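Take the sequence shown: its position 142, counting from 1, is numbered 142 in this note's numbering, and each next residue is one higher.
Cβ coordinates follow ideal geometry from the N, Cα and C atoms, glycine included.
None of these values were measured; they are calculated from a predicted model.
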Amino acid sequence: MGTSAREGNRVGHVDLAIIGSGSGLSLIDDDIDGWRIALIDNGVGPTDAFGGTCLNAGCIPTKMLAMPARYAVAPAQARAVDVNLSFRGADFAALQARVFGRTDAIAASGLAGLVARPNVSVLHGAATFIDAHTLHVAGQTFTADRIVLAAGSRPRLLDAPGFDEPYLGAFVHTSESIMRVPQLPKRLIIIGGGTEAVEFGHIFSGLGSQVAIIARRDSLLRAFDPDVAAAVTAALGERVVLRLNQQATGLEPDDDGGVVLTTQDPDGIEYSYAADAVLVCAGRIPNGDQLHLERAGVEVDDEGFVRTDEHLRTTAAHIWALGDICNRHMLKHLANAQARVVKRNLLAERDGGALVASDERFVPQGVFGLPEVATVGATAAELERAGTPFVAYTHKYGWTAYGWAIADENHFVKLLGDPESGRLLGAHIVGPEATSLIQPLIQGMSFGQDASTIARGQYWIHPAPTEVVENALLGLDRAIAEHRRAGEAPGTAI
Ligand SMILES: Cc1cc2nc3c(=O)[nH]c(=O)nc-3n(C[C@H](O)[C@H](O)[C@H](O)COP(=O)(O)OP(=O)(O)OC[C@H]3O[C@@H](n4cnc5c(N)ncnc54)[C@H](O)[C@@H]3O)c2cc1C
Ligand SMILES: NC(=O)c1ccc[n+]([C@@H]2O[C@H](COP(=O)([O-])OP(=O)(O)OC[C@H]3O[C@@H](n4cnc5c(N)ncnc54)[C@H](O)[C@@H]3O)[C@@H](O)[C@H]2O)c1
């Protein structure tokens, strides 16, 4: 992170201490410049970067790399519409320079902007609680009237032989280091089958690495709708070596300067894979366990997430939380929204206003691989488990004019609706522009509109990609009407 604003200065006492410079940073603006504030951060990744995960090692750099990787796959897509293209490779060093040239500059200007604020002290180091109002950071202790926990999460490492051997450390990566490797790995193994594995699988196979994904379950994206998971597993399986139902059992050096990963399947059969780099994408751990929260009376749940009420107040009345440290979604748009809630509630307490609640009814997620995925609300499996009646309808891109234009065969919009109200319970899209196409559905769910109202209460541009969403809504509406007429059993898929 470099130098901090008042490194060496004694902070003494502040009105507000914020632990974490990711989404926590957005709390600091002119509205609270009457407060003395301490912002504490211990940096992200090998460059010890200021500004949190999204900017330095998460959403932004991955998406800036995912986009170029799409061009690498363009020849196959172009062939489907009778155009011949070829991919001749990517300049990985130039790409890295462009991506991190931008994000590093934003991190630096964010820090400089903060330093320029006379009421703010920036402390570089890991904060821990001494007691409910006292924090220890980088050799000093100070007290705070109010504290915001915005310390995020960290990558989960693998507990298998070899992974913690220092002499193999240069081969083992997480999301915090892989995007800054000095050269594109010729052979990359990715361990895990979630969002990171899918996005990095797309990025590195697109840019020219030979990628093997080793997942311990029977598909990628297991937490997503099963049709979505199956579509992504099939599509990425054509671009990488995909090995499902295998658990990593060890890592060793090999004779040609690389490493060998050993795995085992459920029948105990062993496999081995050679690589130049191994990327662990095994989920993330909330950072509350590193703060001595028990000294402050802040409780965590059984998975280590800080407990909050709907106003994002923790079990200690003067301590608030936001972002990955307290929510299972671990998504930036939710962390940002939670920061807005905490900010308003801090001001409400100061000024005597009413507290606001965090609205987490419909938190969407995008996965920026190829194909793109977007999801909001419940999956069919979740509704079945909860015994919630629903009607499902799936509309393919290929049944619309845009789908004909791109000769699409495999992509779709799947909607789950409430047979009584006609409202959406879940929406799941796999295909081009999925993360944009889903927005009218998020909007309809958030504002309580039924499928028919979303479809027929507005125009849809013809022949734009959005027509697949319009047609999916109309199809769901018809399916619900048929379901009501027939008195069918809930859960009927059309
Ligand atoms: C590879 C990757 C891709 C992602 N892509 C997306 C995406 O496309 N869309 C999306 O919505 N989300 C995405 N995410 C998730 C998103 O990055 C996180 O949800 C978001 O950044 C969390 O913000 P936060 O403020 O809670 O934590 P962070 O941004 O991680 O900030 C926490 C800060 O606290 C600091 N800290 C931790 N412990 C301490 C301590 N004890 N003392 C002082 N400082 C401390 C950390 O160094 C860090 O700077 C991605 C994540 C990863 C890893
Ligand atoms: N586009 C996005 O929104 C985006 C992109 C990347 C990451 N993220 C966020 O970052 C977080 C981390 O991503 P992720 O993909 O690592 O987590 P994830 O929870 O999506 O997937 C974790 C994967 O690791 C596997 N796994 C867990 N422990 C393992 C072990 N011991 N051995 C082998 N495999 C193991 C799981 O089976 C699963 O496939 C996510 O919660 C996500 O919200 C979001």
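* Quick one: Cα of Trp460 to Cα of Asp164, how far? -> Taking the first residue of the sequence shown as position 1, residue 460 is located at position 460. Taking the first residue of the sequence shown as position 1, residue 164 is located at position 164. Their Cα atoms are separated by approximately 54 Å.
* To do: Take the Cβ of Ala105 as the centre, count every other Cβ of all protein chains shown within 10 Å, and call the residue buried at 16 or more, exposed below.
  => Within the sequence shown, residue 105 is the residue found at index 105, counting from 1. That one is exposed.
* For Tyr273, the first and last residue of its enclosing beta strand (DSSP E) -> Residue 273 sits at position 273 when you count from the first residue of the sequence shown. Taken as a continuous stretch (DSSP letters only), the beta strand (DSSP E) holding Tyr273 covers 270-275.
* Asked: Excluding sequence positions up to five away, which residues of its chain have a Cβ less than 8 Å from the Cβ of Glu303?
  -> As a working mapping, residue 303 is identified with position 303 in the sequence shown. So the list reads Pro286, Arg328, once near-sequence residues are dropped.
* Taking the alpha-carbon positions, what's the Lys414 to Ala472 distance? -> Position 414 of the sequence shown, counted from the start, is the residue given in the question as residue 414. Position 472 of the sequence shown, counted from the start, is the residue given in the question as residue 472. Cα to Cα, the separation comes out at about 7 Å.
* **Proximity test, Glu467 beta-carbon vs ligand 1 heavy atom, cut-off 6 Å** => Position 467 of the sequence shown, counted from the start, is the residue given in the question as residue 467. Glu467 Cβ: outside cutoff for every heavy atom of ligand 1.
* Given a threshold of 16 other Cβ atoms within 10 Å of its Cβ, counted over all protein chains shown, does Lys186 qualify as buried or as exposed? -> For this step, residue 186 is matched to residue 186 along the sequence shown. Under a 10 Å Cβ-count criterion, Lys186 is classified as exposed, with fewer than 16 other Cβ atoms of the shown protein chains found around its own Cβ.
* Asked: Do Gly288 and Pro161 come within 7 Å of each other at the CB atom, strictly closer than that value?
  -> Working through the sequence shown from its first residue, we reach residue 161 at position 161. Working through the sequence shown from its first residue, we reach residue 288 at position 288. Taking 7 Å as the Cβ cut-off, Pro161 and Gly288 do not qualify as a contacting pair.
* Could you round the C-beta distance between Val232 and Leu221 to whole angstroms and report it? I think they count as a contact, below 8 Å. => As a working mapping, residue 232 is identified with position 232 in the sequence shown. As a working mapping, residue 221 is identified with position 221 in the sequence shown. The beta carbons of Val232 and Leu221 sit about 5 Å from each other, so the pair counts as a contact at 8 Å.
* To do: State the DSSP-derived secondary structure class of Leu416, mapped to helix, strand or coil.
  => The residue labelled residue 416 in the question sits at position 416 within the sequence shown. Note: Leu416 maps to strand in three-state DSSP.
* Kindly confirm or deny that the segment 142-151 and the segment 15-24 touch, where touching means at least three C-beta pairs closer than 8 Å. => They touch, by the three-pair rule.
* Own chain residues within Cβ distance below 8 Å of Ala481, not counting five before or after -> The residue given as residue 481 occupies position 481 in the sequence shown. Excluding positions up to five away in sequence, the list is empty.
* With Arg154 as the anchor, note down where its beta strand (DSSP E) starts and where it stops. => In the sequence shown, residue 154 corresponds to position 154, counting from 1. 153-155 is the extent of the beta strand (DSSP E) around Arg154.
* Inspect the beta-carbon positions of Ala57 and Gly45 and report whether they are closer than 7 Å. => Residue mapping note: residue 57 aligns to position 57 of the sequence shown, counting from 1. Residue mapping note: residue 45 aligns to position 45 of the sequence shown, counting from 1. Contact flag set, yes.
* To do: Grab me the residues of Leu312's own chain with a C-beta within less than 8 Å of its C-beta, minus the 5 sequence neighbours each way, in chain order.
  => The residue labelled residue 312 in the question sits at position 312 within the sequence shown. Scanning its chain for C-beta atoms nearer than 8 Å, with the 5 sequence neighbours on each side dropped, one finds around Leu312 the residues Trp320, Ala321, Leu322, Cys326, Gln338, Val341, Val342, Asn345, Ser358, in chain order.
* **Within the segment 275-333, ranges of the beta strand (DSSP E) (whole runs, at least 3 residues)** => The segment 275-333 contains these whole beta strand (DSSP E) runs: 277-280, 284-286, 319-321.
* Asked: Hey, Ala386 and Gly422: beta-carbon distance below 7 Å or not?
  -> Start at 1 with the first residue of the sequence shown, and residue 386 comes out as number 386. Start at 1 with the first residue of the sequence shown, and residue 422 comes out as number 422. Result no, Cβ atoms of Ala386 and Gly422 do not sit closer than 7 Å.
* **Check: Thr249 C-beta below 6 Å from any heavy atom of ligand 2** => Looking up residue 249 in the sequence shown gives position 249. Distances taken from the Cβ of Thr249 to the heavy atoms of ligand 2 include none shorter than 6 Å.
* To do: Taking all protein chains shown into account, decide if Phe447 is buried (16 or more other Cβ within 10 angstroms of its Cβ) or exposed.
  => Along the sequence shown, read from residue 1 onward, the residue named residue 447 stands at position 447. With fewer than 16 other Cβ atoms within 10 Å, it is exposed.
* Please check the pair Leu114 and Leu39, which I expect to be a contact at CB under 8 Å, by giving their CB distance rounded to whole angstroms. => Your numbering for residue 114 matches position 114 in the sequence shown. Your numbering for residue 39 matches position 39 in the sequence shown. The C-beta separation of Leu114 from Leu39 comes to about 6 Å, placing the pair in contact by the 8 Å criterion.
* Asked: Ala74: which of Arg484, Ala401, Pro432, Leu355 sits nearest, CA to CA?
  -> Looking up residue 74 in the sequence shown gives position 74. Among Arg484, Ala401, Pro432, Leu355, the Cα nearest to that of Ala74 is on Pro432.
* C-beta contact flag for Ala317 and Val298 at 7 Å -> Looking up residue 317 in the sequence shown gives position 317. Looking up residue 298 in the sequence shown gives position 298. Cβ atoms of Ala317 and Val298: not closer than 7 Å.
* **Beta-carbon proximity of Ala455 to Leu474, cut-off 7 Å** => What you label residue 455 is simply residue 455 of the sequence shown in a count that begins at 1. What you label residue 474 is simply residue 474 of the sequence shown in a count that begins at 1. Yes. Within cutoff.
* To do: Using the Cα positions of Ala277 and Gly398, report the straight-line distance between them to the nearest angstrom.
  => Numbered from 1 along the sequence shown, position 277 holds the residue referred to as residue 277. Numbered from 1 along the sequence shown, position 398 holds the residue referred to as residue 398. Here the alpha carbon of Ala277 sits roughly 39 Å from the alpha carbon of Gly398.
* **Same chain, Cβ closer than 7 Å to Arg156, neighbours up to 5 away in sequence not counted** => In the sequence shown, counting from the first residue as 1, residue 156 sits at position 156. Here the set comprises Ala282, Gly283, Arg284, Ile285.
* Asked: Quick one: is Ala479 buried, meaning 16 or more other Cβ sit within 10 Å of its Cβ, or exposed?
  -> Locating residue 479 in the sequence shown gives position 479, where the first residue counts as 1. Here Ala479 is buried, its C-beta having at least 16 other C-beta atoms within 10 Å.
* Alpha-carbon to alpha-carbon, Trp404 and Val81 -> As a working note, residue 81 is residue 81 in the sequence shown. As a working note, residue 404 is residue 404 in the sequence shown. If I take the Cα positions, the gap works out to 10 Å.
* Glu238 versus Pro371: straight-line alpha-carbon distance, rounded -> Locating residue 238 in the sequence shown gives position 238, counting from the first residue. Locating residue 371 in the sequence shown gives position 371, counting from the first residue. Inter-residue distance for Glu238 and Pro371 is about 12 Å (C-alpha atoms, whole angstroms).
* To do: Count the other CB atoms, across all protein chains shown, that sit within 10 Å of the CB of Ser86; report buried if there are 16 or more and exposed otherwise.
  => In the sequence shown, counting from the first residue as 1, residue 86 sits at position 86. Flag for Ser86 reads exposed.
* Asked: What span of residues does the beta strand (DSSP E) with Thr128 cover, start to end?
  -> Counting from one through the sequence shown, the residue named residue 128 turns up at place 128. 128-131 is the span of the beta strand (DSSP E), which, as asked, contains Thr128.
* Measuring CA to CA, which of Pro253, Ile442, Arg217, Ala401 is closest to Val376? -> On the sequence shown, position 376 is the one that residue 376 refers to. Closest option to Val376, Cα to Cα, is Ile442.
* Any chance the CB of Glu196 is under 6 Å from a heavy atom of ligand 1? -> Here residue 196 refers to the residue found at position 196 when the sequence shown is read from its first residue. Yes, the beta carbon of Glu196 sits closer than 6 Å to at least one heavy atom of ligand 1.
* To do: Check each candidate in Gly487, Arg36, Gly369, Ala380 and name the one with the smallest Cα separation from Asn119.
  => The sequence position of residue 119 within the sequence shown is 119, counting from 1. Selected option, being the one with the closest Cα: Arg36.
* To do: My understanding is that Ala296 touches Leu188, with C-beta atoms under 8 Å, so please give their C-beta distance in whole angstroms.
  => Start at 1 with the first residue of the sequence shown, and residue 296 comes out as number 296. Start at 1 with the first residue of the sequence shown, and residue 188 comes out as number 188. Between Leu188 and Ala296 the Cβ distance is about 42 Å, and since that is not below 8 Å, they are no contact.
* What residues in its chain sit with their C-beta under 6 Å from that of Gly51, if we drop five residues either side in the sequence? -> Taking the sequence shown and counting its residues from 1, the one referred to as residue 51 is at position 51. So the qualifying residues of the chain are Ser21, Ala107, Gly110.
* Can you name the residues that DSSP bridges to Ala374? -> Residue 374 sits at position 374 when you count from the first residue of the sequence shown. Beta-bridge analysis with DSSP links Ala374 to Gly366, Ile429.
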